[in-house]
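Counting in UniProt numbering, the sequence shown runs from 1 upward without gaps.
First comes the structure, then the notes that go with it.
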Amino acid sequence: CKNVVWKGSALAALHCGRPPEPPIIYGSPPNIVETSFGRRLNGSYRLRQLLPTAVYLHMKMHKRILGHLSSVYCVTFDRTGRRIFTGSDDCLVKIWGTDDGRLLATLRGHAAEISDMAVSYENTMIAAGSCDKTIRVWCLQTCAPLAVLEGHAASITSLQVPGRSGCVLL
Numbered sequence: 001c002k003n004v005v006w007k008g009s010a011l012a013a014l015h016c017g018r019p020p021e022p023p024i025i026y027g028s029p030p031n032i033v034e035t036s037f038g039r040r041l042n043g044s045y046r047l048r049q050l051l052p053t054a055v056y057l058h059m060k061m062h063k064r065i066l067g068h069l070s071s072v073y074c075v076t077f078d079r080t081g082r083r084i085f086t087g088s089d090d091c092l093v094k095i096w097g098t099d100d101g102r103l104l105a106t107l108r109g110h111a112a113e114i115s116d117m118a119v120s121y122e123n124t125m126i127a128a129g130s131c132d133k134t135i136r137v138w139c140l141q142t143c144a145p146l147a148v149l150e151g152h153a154a155s156i157t158s159l160q161v162p163g164r165s166g167c168v169l170l
């Protein structure tokens, strides 16, 4: 049995009325090495965040949550540990409750893959960087967009929110 994986851009093409790109066909689901290699090719690869392969072999799935249309590339928690944020190749940021795995909100606006996310120290904002060369900031109380930061010449590959200053480092 082969797994067929549609790229997020193919699904976006269907939504916009364009013909879709052909799916990627895998004999088995891609592993972390294949995913890392693909990310290196598109410029959003971060070697410092990869663990040795042996570590991944000993990890066990706690819970499987379905909700994204494409691969999830980045995951972060808020400081309370009550919310999980996922960024995906489907251009969406999703917010999940850790108690029951329920989808709490979907944040939209990016035109390309989400490459990194950072939650403010006070848990009031989330910033998401993307391969569309922008950073979008949302309010976590209302899920309303607060800002779109433009001007980068390439994909955003890393975001950090240092301590209590409220600044976002790009």
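Yeah, the Cβ is synthetic: ideal placement off N, Cα and C, and Gly gets one too.
If you draw a straight line from the Cα of Arg83 to the Cα of Val72, it comes to about 16 Å. Phe77 and Ser115 have their alpha carbons spaced roughly 16 Å apart. The beta-carbon distance between Ala127 and Leu159, rounded to whole angstroms, is 5 Å. This is short enough to meet the 8 Å contact definition. For Gly129, the uninterrupted beta strand (DSSP E) run begins and ends at Met125 to Ser130, by DSSP. Inter-residue distance for Ala144 and Ile95 is about 13 Å (C-alpha atoms, whole angstroms).
Of the residues Gln141, Pro162, Ala147 and Ile135, the one whose Cα lies closest to the Cα of Ile156 is Ile135. DSSP, reduced to helix, strand and coil, places Leu57 within a helical segment of the structure shown. The Cβ-Cβ distance between Ala112 and Asp132 falls below 7 Å. Excluding the 5 residues flanking it on each side, Val75 has same chain C-beta neighbours closer than 6 Å at Thr86, in chain order. Of the other Cβ atoms in all chains shown, fewer than 16 fall within 10 Å of the Cβ of Ala153; this residue is therefore exposed.
Counting along the chain, the unbroken beta strand (DSSP E) around Asp116 starts and ends at Ile114 to Val119.
DSSP, reduced to helix, strand and coil, places Arg83 within a strand of the structure shown.
For Ser88, DSSP records a beta bridge to Val72. With a cutoff of 7 Å on beta-carbon distance, Leu107 and Trp138 are scored as near each other. Scanning Glu150, Leu149 and Asn123 for the CA closest to the CA of Val161 turns up Asn123.
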